[in-house]
Amino acid sequence: MLRIKARHIQVSTPELANEVMVKWQQGADFGELARVYSECPTARQGGSLGEFGPGHMAPELEPVFLQGDIGDVYGPVATANGYHLVEVLARTDYA
Numbered sequence: 001m002l003r004i005k006a007r008h009i010q011v012s013t014p015e016l017a018n019e020v021m022v023k024w025q026q027g028a029d030f031g032e033l034a035r036v037y038s039e040c041p042t043a044r045q046g047g048s049l050g051e052f053g054p055g056h057m058a059p060e061l062e063p064v065f066l067q068g069d070i071g072d073v074y075g076p077v078a079t080a081n082g083y084h085l086v087e088v089l090a091r092t093d094y095a
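Under full-length UniProt numbering, residue 95 is the last one in the sequence shown; the count climbs by one each step, no gaps.
Written as structure tokens, this is what we have:
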């Protein structure tokens, strides 16, 4: 069974998502950016989504969770809840 650990930053506009992405690219800490900018309750935990399996998050985010390189940040990805920057922390297959 595949398990994924990830964190995200959810904002309301693509412009803000791009602004936050630039800050990350310039060396800002992803968790701190999540605490400052994310509009999701996960902001308190640095954007942590915990551990979950495929199909448990918005379908628009699924390709990043399943195929994104560990440690890279992807986005903005548009969902019904806003625009997300996503960092995949780990993928483990408990066969």
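Idealized CB from N, CA, C, for every residue including glycine.
Quick caveat: nothing in here was measured; it's all calculated off a predicted structure.
| message | I'd like the span of the beta strand (DSSP E) that includes Pro-76, first residue to last. | response | 73-79
| query | Would you say Ala-90 and Lys-5 are within 8 angstroms of each other, going by their C-beta atoms? | reply | yes
| Quick one: what's got a C-beta closer than 8 angstroms to Met-21's C-beta in the same chain, skipping five residues either side? | For Met-21, where only same-chain residues beyond five positions count, the Cβ hits under 8 angstroms are Val-73, Gly-75, Pro-76 and Leu-85.
| Cβ neighbour criterion (16 or more within 10 Å) applied to Tyr-94 | Classification of Tyr-94: exposed, given that the 10 Å Cβ count is below 16.
| query | Going straight from the alpha carbon of Ser-48 to that of Val-64, what length do you get? | reply | 15 angstroms
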